[in-house]
Amino acid sequence: MAKSKVDRIVTALFGAFFVVLAGLVLFAAWDSTPLGAIAVASVLGLLGVDALLSAKQDRPSILSRIGPLP
-8 MAKSKVDRIV
2 TALFGAFFVV
12 LAGLVLFAAW
22 DSTPLGAIAV
32 ASVLGLLGVD
42 ALLSAKQDRP
52 SILSRIGPLP
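Using the working numbering, you'd call the opening residue of the sequence shown number -8 and step up by one each time.
Given below as structure tokens:
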């Protein structure tokens, strides 16, 4: 199903936000918990990259498949 241009832009913005957030988590938490920082940053980074690629390829991202959360 083709998404509108606005939906794709919003998905790309969320993807970029998650990639930046992954870098910030890695930077901020590295000194106290390096393994935890790597784990959390990896998940956030993968979700962000998936959202960016999904916006480019016009397909649903993993984040959009989760559905509305309470």
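Glycine is no exception: its CB is placed at the ideal position from the N, C-alpha and C atoms. Predicted, not measured: the structure shown is a model, and the values here were computed from it.
Under 8 Å between C-beta atoms of residue i and residue j
i   : j  : result
L35 : A3 : no
V16 : A7 : no
Residue i - DSSP class collapsed to helix/strand/coil
i     : result
K47   : helix
T24   : coil
G58   : coil
K(-4) : helix
S52   : coil
Assigned exposure category for residue i - 16 Cβ within 10 Å defines buried
i   : result
L38 : buried
S45 : buried
F9  : buried
S52 : buried
L26 : exposed
Member of the options whose CA lies at the smallest distance from the CA of residue i
i     : options            : result
V(-3) : W21, R56, G58, D49 : D49
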